[in-house]
Amino acid sequence: MIGVITGTGSWLPEQIVDNDDLARIMDTNDEWIRERTGIVKRRIIKEESTVSMATGAALRALEDAGVAAEELDMLLVSTVSSDVLLPSTACEVQKNIGATNAVCFDINAACTGFLFALNTAQAYFHAGLVKKVLLIGAESLSTLVDWSDRGTAILFGDGAGAAVLEAAEGELLPMVMHSDGARGEALTCKSPFAVRKSPLTVANMMKAVEKEDYVGMNGQEVFRFAVKRVPECVEELLDKCGKTTEDVDYFILHQANRRIVESIAKRLKTDISKFPMNLMEYGNTSSASIPILLDGLNRKGTLKRGMKLVIAGFGAGLSWGAAYMEW
Ligand code: UT7
């Protein structure tokens, strides 16, 4: 058995923060951010939280799939920005939506998290342990970034995306997953609960916490890692499937930076039109970026049944991976 996506949903905070808004609170400008990242604006939470956005995305995905919450066997949330350490975000969402029969847990694999959650679910489907699974990627990284560090703060946005998977006949889909903890210092957040409070306020910027407690990133190292490892792992995946890039309709990549996506497309010698992006609108929403992108394409009708997709994530850990799937 395999899991097939039968419904998607997403939830974005109402507050829109564009590059000019950021230029008013830090030494940056719209031109630099657009040229170096492709990002034009992002959503930042005000009243919302990781749990509330995850719940909103979950309900929309269930509605899209026509599945009732009680039918779910498993509910996985990928997040690095849970509102509290315990209980897990997955259990909080379970409570909110009434998924009383689901086993629920969180996965922390940063921007690769949704991909790892998807692959984990596929292994459960293959083992015959589950029939209906809800996957969610939900993040409020605005509460973790150092708003005085223009090198990272301009990148991230908040949001949540979700997908319902249902069991169908089929062979386990090829998947590729890698981790390299030895390079973990390239992207860290040492003490999240020390730094979290309302984002985008001067008070938050001036809080007496260690700089390293916030998200800290060696941007160039992460950039080089992504543009090398992601094409390699996509090629490894396609080899495993006996496919080429020509067989793939869309490459659904983690939305970190337009230049990263363009560089990956170039290395795969594939036209950029096969690499849909939403980072212009939402910035880098970490583990939420892939399900938000899937939901946007699904609701626009871009994705048609039978289309072949490669989904690839990369980020802190360092971690990266890819999966092949039929829509
Ligand atoms: O989900 C995975 C998460 N992480 C990533 O995807 C990050 C991957 N890395 C990147 O996307 C890029 O490295 C960044 C967008 C973060 C930075 O772009 P870059 O082209 O690597 O810039 P840089 O760090 O080499 O900085 C170039 C210059 C520096 O000035 P000098 O030293 O040349 O005078 C920076 O101080 O740009 C300056 N700079 C900025 N200027 C205006 C850095 N950030 C900004 C800014 N506005 N926001």
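Quick note on numbering: the sequence shown equals residues -13 to 313 in our numbering.
No residue lacks a Cβ here, since even glycine has one placed at the ideal position from N, Cα and C.
DSSP on residue i, reduced to helix/strand/coil?
i: V233; result: Residue 233 is actually Asp in this sequence, not Val. It is helical.
i: D281; result: helix
i: T129; result: helix
i: M311; result: strand
i: E198; result: helix
i: E144; result: Here residue 144 turns out to be Asp, not Glu, going by the sequence shown. It is coil, neither helix nor strand.
i: D92; result: strand
i: E221; result: helix
i: A168; result: helix
i: S275; result: helix
i: S134; result: coil
Give me the Cα-Cα distance between residue i and residue j, rounded to the nearest whole angstrom.
i: R28; j: S128; result: 10 Å
i: N94; j: S273; result: 9 Å
i: T(-8); j: A96; result: 25 Å
i: I258; j: R245; result: 11 Å
i: L61; j: I297; result: 20 Å
i: E248; j: P160; result: 24 Å
i: S74; j: I238; result: 27 Å
i: T14; j: A242; result: 18 Å
i: G307; j: E218; result: 10 Å
i: A44; j: V37; result: 10 Å
i: L224; j: E125; result: 30 Å
i: A318; j: K226; result: Since the displayed the chain opens at -13 and closes at 313, residue 318 lies outside it and no answer follows.
i: S305; j: G123; result: 16 Å
i: L71; j: G170; result: 21 Å
i: R182; j: S67; result: 9 Å
i: K229; j: Q1; result: 42 Å
i: A109; j: D6; result: 45 Å
i: L254; j: A76; result: 36 Å
i: T271; j: K260; result: 21 Å
i: R20; j: V26; result: 6 Å
Please determine whether the Cβ atom of residue i lies at a distance below 6 Å from any heavy atom of the ligand UT7.
i: N264; result: no
i: W18; result: yes
i: C219; result: no
i: A242; result: yes
i: C175; result: no
i: I140; result: yes
i: N94; result: no
i: G147; result: no
i: N270; result: yes
i: R136; result: yes
i: F209; result: yes
i: R22; result: yes
i: T14; result: yes
i: G205; result: yes
i: G84; result: no
i: G143; result: no
Just curious, the beta strand (DSSP E) that residue i is in, first and last residue?
i: D317; result: Here the chain covers residues -13 to 313 and nothing more, so residue 317 does not appear.
i: E125; result: 118 to 125
i: M266; result: Where M266 is concerned, there is no enclosing beta strand (DSSP E), although the alpha helix (DSSP H) it sits in stretches over 265 to 268.
i: H164; result: 161 to 165
i: K27; result: 27 to 29
i: F300; result: 294 to 301
i: G99; result: No beta strand (DSSP E) contains G99, which is instead part of the alpha helix (DSSP H) from 99 to 112.
i: T316; result: Nothing can be reported for residue 316, as the shown portion of the chain is limited to -13 through 313.
What are the start and end residues of the alpha helix (DSSP H) that includes residue i?
i: F179; result: 178 to 181
i: R244; result: 244 to 253
i: D42; result: The question names Asp, but residue 42 in the sequence shown is Gly. Where G42 is concerned, the enclosing alpha helix (DSSP H) stretches over 36 to 51.
i: I83; result: 75 to 83
i: L115; result: Segment: none, L115 is in no alpha helix (DSSP H) and carries neither H nor E.
i: I(-12); result: Note, I(-12): premise wrong, no alpha helix (DSSP H); beta strand (DSSP E) at -12 to -3.
i: T65; result: Careful: T65 lies outside any alpha helix (DSSP H) and carries neither H nor E.
Assuming residue i contacts residue j under a Cβ cut-off of 8 Å, what Cβ separation, rounded to an integer in Å, is found between them?
i: T106; j: N284; result: So it is not a contact: roughly 22 Å between Cβ atoms.
i: E199; j: S177; result: The question names Glu, but residue 199 in the sequence shown is Asp. Indeed, because the Cβ distance is near 4 Å, the residues count as touching under 8 Å.
i: L173; j: V208; result: 6 Å
i: K118; j: V53; result: 6 Å
i: G156; j: M(-13); result: 7 Å
i: G282; j: H240; result: No, G282 and H240 are not in contact; Cβ-Cβ is about 14 Å, not under 8 Å.
i: E56; j: T86; result: 6 Å
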